[in-house]
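Asks: This is the structure I have questions about; it appears just below.
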Amino acid sequence: MECAQPGADHAWTRPGISRQFDQSNGDGRHRGLGSQSWGPTACRVRRRPRQERGQTIKLTVHTFVSFDGVMQGPGAPEEDPSGGFTLGGWLVPHVDDDFGRVVDHWFGHADEILLGRSTYDMMYPFWSQITEPDNVVATKLNMLPKHVVSTTLTDPAWNNTTVIASDVVAAVAALKDRPGRELQVHGSWRLVRTLHDAGLVDEYRVLVFPVVLGMGKRLFPEGATPSGLTLVHSEATSTGVTYHVLLPRPLTAGTITIEDGAEVLHTP
Numbered sequence: 276m277e278c279a280q281p282g283a284d285h286a287w288t289r290p291g292i293s294r295q296f297d298q299s300n301g302d303g304r305h306r307g308l309g310s311q312s313w314g315p316t317a318c319r320v321r322r323r324p325r326q327e328r329g330q331t332i333k334l335t336v337h338t339f340v341s342f343d344g345v346m347q348g349p350g351a352p353e354e355d356p357s358g359g360f361t362l363g364g365w366l367v368p369h370v371d372d373d374f375g376r377v378v379d380h381w382f383g384h385a386d387e388i389l390l391g392r393s394t395y396d397m398m399y400p401f402w403s404q405i406t407e408p409d410n411v412v413a414t415k416l417n418m419l420p421k422h423v424v425s426t427t428l429t430d431p432a433w434n435n436t437t438v439i440a441s442d443v444v445a446a447v448a449a450l451k452d453r454p455g456r457e458l459q460v461h462g463s464w465r466l467v468r469t470l471h472d473a474g475l476v477d478e479y480r481v482l483v484f485p486v487v488l489g490m491g492k493r494l495f496p497e498g499a500t501p502s503g504l505t506l507v508h509s510e511a512t513s514t515g516v517t518y519h520v521l522l523p524r525p526l527t528a529g530t531i532t533i534e535d536g537a538e539v540l541h542t543p
């Protein structure tokens, strides 16, 4: 199969949740669930449904977005100012116990982590310093196997980390053809685009924040592969953040006609 060449970019980071929220990596800059490192691809993997393959590991994508779909720099102004983005930190006023519960729940189901290079570089300095045993996110990130997509990283400092240097679609497909619960992607917006276009994403978990930014990197920029989504869970936090769990499915369309003076919907 033929794939587009990889490229680098940034998406988002987030600071620690709840009582960890004011921690930094020593330079005054928060480090959280960071950004990207692999570009779009023309490849698409044909795979049997999971129920036909047994309980192989599920690939889940976890992200924070604004109401207009931006996922750049949610945790701090200096997280990702690339492209002239000046609105970083838009997530912070909406962090509450509900937010922390959702994110802890995410990591509680992780067996392995998949990251782009820039995301890895943002997460490692922050989370590797947190050693308190009751911090679910730090414990999981420091303990679990991590896979980083990069053509330049050769000796990752974070323990239990391996590098995917080429054939990212084939490599991730191979990771999925093993038993387990979840292979989780955090941040990594261009990697997410690659996996989406390849048909490798099993589930999206999205926290939508009640802000409109009007600029910045979006979860699905123009040119993303069309897809339908089935909503399987939704809830709201005390600060107005809505949480959605969605399953990809084929995109469908319909028509609206007038028959005998009445509006009639025609759907597949």
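So my numbering is basically just the index in the sequence shown, starting at one, shifted up by 275.
We treat Cβ as the ideally placed atom computed from N, Cα and C, and that holds for glycine.
Quick caveat, the model's predicted, so the values are computed rather than measured.
Given that a residue counts as buried once 16 or more other Cβ atoms are within 10 Å of its Cβ, and exposed if not, what is N410?
Replies: buried
Asks: Does the beta-carbon of L526 have 16 or more other beta-carbons within 10 angstroms, so that it is buried, or is it exposed?
Replies: exposed
Asks: Exposed or buried, which one is F484 when buried takes at least 16 other CB atoms within 10 Å?
Replies: buried
Asks: Mapping DSSP to helix, strand and coil, what is K451?
Replies: helix
Asks: For Q459, count neighbouring C-beta atoms within 10 Å of its own C-beta (all shown protein chains included) and say buried if the count is 16 or more, exposed if not.
Replies: buried
Asks: Tell whether a beta-carbon distance below 8 Å holds between G455 and E538.
Replies: no
Asks: Let me know if F342 comes out buried or exposed under the rule of 16 or more other beta-carbons within 10 Å of its beta-carbon.
Replies: exposed
Asks: Once the 5 residues before and after G344 are set aside, which same chain residues still bring their CB inside 6 Å of it?
Replies: R493, L494
Asks: Take R465 as the anchor and find which of Y518, V444, D379 has the nearest alpha-carbon.
Replies: V444
Asks: Cutting at 8 Å between CB atoms, please list the residues of its own chain near I533, excluding the five before and the five after it.
Replies: V539
Asks: Roughly how many whole angstroms lie between the Cα atoms of L362 and P352?
Replies: 6 Å
Asks: What is the residue span of the alpha helix (DSSP H) that K415 lies within?
Replies: Counted as a single uninterrupted DSSP element, the alpha helix (DSSP H) harbouring K415 occupies residues 411-418.
Asks: Considering H369, what are the terminal residues of the alpha helix (DSSP H) in which it resides?
Replies: Careful: H369 lies outside any alpha helix (DSSP H) and carries neither H nor E.
Asks: If you run the structure through DSSP and keep just helix, strand and coil, what is D297?
Replies: Per-residue confidence for D297 stands at a pLDDT of 35, beneath the threshold of 50, marking its modelled position as unreliable; no derived number is given.
Asks: Could you spell out the range, first to last residue, of the beta strand (DSSP E) harbouring P400?
Replies: First-last for P400: 392-402, but that is the alpha helix (DSSP H), not the beta strand (DSSP E).
Asks: According to DSSP, V483 sits in a beta bridge with which residue or residues?
Replies: Paired residue(s): V340, T517.
Asks: Taking 8 Å as the cut-off, decide whether the C-beta atoms of D373 and V412 are in contact.
Replies: For D373 and V412, no; Cβs fall outside 8 Å.
Asks: Excluding the five sequence neighbours on either side, which residues of its own chain have a C-beta within less than 6 Å of the C-beta of A446, listed in chain order?
Replies: I439
Asks: Quick one: measure Cβ to Cβ for R468 and H337, integer angstroms, because I've assumed they're closer than 8 Å.
Replies: With 8 Å as the limit, R468 and H337 do not qualify as a contact, their Cβ atoms being about 15 Å apart.
Asks: So what does DSSP say about H461, is it helix, strand or coil?
Replies: strand
Asks: Span of the beta strand (DSSP E) holding T437?
Replies: 436-439
Asks: Taking T514 as the reference, give the member of A448, V370, H384 with the closest Cα.
Replies: V370
Asks: Within this structure, are the beta carbons of L482 and V476 separated by less than 8 Å?
Replies: no
Asks: Given this structure, state the Cα-to-Cα distance separating L522 from H461, to the nearest angstrom.
Replies: 17 Å
Asks: Quick check on R468: does DSSP put it in helix, strand or coil?
Replies: Residue state, collapsed to three classes: helix.
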